[in-house]
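Beneath this line is the structure, given in structure tokens, with notes to follow.
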């Protein structure tokens, strides 16, 4: 077998400490360790690390873990899309939430602009026509009134003409 | 390997049932993987309350993404990918610095406790606490990906291929991460004798 230390390949040393080697491979490795002091030292150190890590127990999970989880699931089921969005941002670190919020705002504004353009709304062409007609009609009315008045004054000046 | 394949099929099958609206299958998956996820996240972030909060988020995301679930990878790989992503994000956040400060406070308390009571059982307890603190610090001192790789390899007994999928890198990259991590840990922890 290749010497793990000389070949800079610690895979076998790690696998030996982890108990991942087959019986044959483990026996072969043990034979090598008996002959190779550097590998023996490395294997002993790796085994010591393994034992040290074994000592680190994680605390038990809280008894109400499931209850809290299902409560969050139930809350989520009744939320609107806006509330879910808010919740997603709330559980996100500020460093991530800020750029995402800014991007979301920009997209929202872009969407609003696309659907409701800010530039002034041009007057409808029909509106111009209506206004021109109205002006023409008003001018006609004024002209008619003026003619009527002038006719009336002529009439009063020459009553016999009637 | 056969047992792993059966586990994969069973978990994926359960998740497919969850996709179809079977809440009972989700409960089975939760029961099966809850402890390993919480413990993994705890060893990564080293704070129990945060670990449980993040683990809840992991299972919440699994549940919420049920409709789009496709069994393209092992369920556990997918689960730990979400867990690693959330935990590493948290570690990168400012909160990590605050927790480190709290960790320092705990260490600073230890000598005072040692002086106050000299009974052997308490001494043993203190020796254990000091050793544990040393282990926690050694793990916390590893770069993030090395830390996650070691925790999955040592405590979850995950294969290199599975760890590679979780971390989104090649199998050879995982081996390199692991061996560098164990080399660092050997330098820091090899002096420890079993109590």
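Chains as they are written, first to last, in the numbering used here: chain A, 1 to 162; chain B, 1001 to 1195.
Cβ coordinates follow ideal geometry from the N, Cα and C atoms, glycine included.
Nearest neighbour of residue i, chosen from the options [CA to CA]
i: residue 1183 of chain B; options: A:56, A:26, A:76 and A:44; result: A:44
i: residue 37 of chain A; options: A:57, A:4 and A:21; result: A:4
i: residue 58 of chain A; options: B:1039, B:1053 and B:1019; result: B:1039
i: residue 1147 of chain B; options: B:1085, B:1192, B:1177 and B:1033; result: B:1177
i: residue 1083 of chain B; options: B:1093, B:1022 and B:1054; result: B:1054
i: residue 76 of chain A; options: B:1128, B:1065, B:1069 and B:1037; result: B:1065
i: residue 1023 of chain B; options: A:20, A:27, A:31 and A:74; result: A:74
i: residue 1045 of chain B; options: B:1085, B:1153, B:1122 and B:1158; result: B:1085
i: residue 62 of chain A; options: B:1034, B:1151, B:1019 and B:1135; result: B:1034
i: residue 42 of chain A; options: A:98, A:9 and A:109; result: A:9
i: residue 1010 of chain B; options: B:1036, B:1037 and B:1071; result: B:1071
i: residue 1187 of chain B; options: A:54, A:108, A:48 and A:6; result: A:48
i: residue 39 of chain A; options: A:54, A:110, A:7 and A:115; result: A:7
i: residue 1077 of chain B; options: B:1158, B:1179 and B:1170; result: B:1158
Pair within 9 Å by beta-carbon distance, residue i and residue j
i: residue 1079 of chain B; j: residue 1058 of chain B; result: yes
i: residue 13 of chain A; j: residue 1 of chain A; result: no
i: residue 1196 of chain B; j: residue 52 of chain A; result: There is no way to answer for residue 1196 of chain B, as the model of chain B reaches only from 1001 to 1195.
i: residue 46 of chain A; j: residue 1149 of chain B; result: no
i: residue 1088 of chain B; j: residue 1144 of chain B; result: yes
i: residue 1062 of chain B; j: residue 1051 of chain B; result: no
i: residue 1060 of chain B; j: residue 72 of chain A; result: yes
i: residue 1043 of chain B; j: residue 1160 of chain B; result: no
i: residue 25 of chain A; j: residue 34 of chain A; result: no
i: residue 1152 of chain B; j: residue 1139 of chain B; result: no
i: residue 1032 of chain B; j: residue 1067 of chain B; result: no
i: residue 969 of chain B; j: residue 1081 of chain B; result: Missing from the structure shown is residue 969 of chain B; chain B here goes from 1001 to 1195 and no further.
i: residue 1134 of chain B; j: residue 1192 of chain B; result: yes
Amino acids of chain B, ordered along the chain, whose beta-carbon sits closer than 8 Å to that of residue i
i: residue 33 of chain A; result: Residues of chain B passing the Cβ test: none, with the nearest at roughly 16 Å.
i: residue 11 of chain A; result: 1175 and 1179
i: residue 76 of chain A; result: 1060 and 1064
Cross-chain neighbours of residue i in chain B, by beta carbon under 7 Å
i: residue 234 of chain A; result: Nothing about residue 234 of chain A can be read from this structure; chain A reaches only from 1 to 162.
i: residue 73 of chain A; result: 1060 and 1063
i: residue 68 of chain A; result: 1056
i: residue 21 of chain A; result: The contacting residues do not exist; residue 21 of chain A stays about 14 Å from chain B at best.
Chain-ordered chain A contacts of residue i [CB-CB under 8 Å]
i: residue 1038 of chain B; result: 58, 61 and 65
i: residue 1042 of chain B; result: 58 and 59
i: residue 1154 of chain B; result: 18, 50 and 53
i: residue 1030 of chain B; result: 66 and 69
Within chain A, partners of residue i - CB distance below 7 Å
i: residue 1190 of chain B; result: 45, 48 and 49
i: residue 1048 of chain B; result: 59
i: residue 1087 of chain B; result: The contacting residues do not exist; residue 1087 of chain B stays about 12 Å from chain A at best.
i: residue 1035 of chain B; result: 61
Distance between beta carbons of residue j and residue i, contact taken as under 8 Å
i: residue 1073 of chain B; j: residue 1165 of chain B; result: 6 Å
i: residue 1056 of chain B; j: residue 69 of chain A; result: 5 Å
i: residue 1016 of chain B; j: residue 1029 of chain B; result: Not confirmed; about 11 Å, so no contact.
i: residue 18 of chain A; j: residue 50 of chain A; result: 7 Å
i: residue 1181 of chain B; j: residue 1142 of chain B; result: 5 Å
i: residue 29 of chain A; j: residue 23 of chain A; result: At roughly 11 Å, the Cβ-Cβ gap does not stay under 8 Å, so residue 29 of chain A and residue 23 of chain A are not in contact.
Chain-ordered chain A contacts of residue i [CB-CB under 9 Å]
i: residue 1052 of chain B; result: 61, 62, 65 and 68
Residue i Cβ short of 8 Å to the ligand HEM heavy atom set
i: residue 1145 of chain B; result: Inclusion of the ligand HEM in the displayed structure is not the case, the ligand content being empty and no account of it being possible.
Where the segment 1123 to 1150 of chain B meets chain A: residues whose CB sits under 9 Å from a CB there
1128, 1131, 1132, 1134, 1135, 1136, 1138, 1139 and 1150
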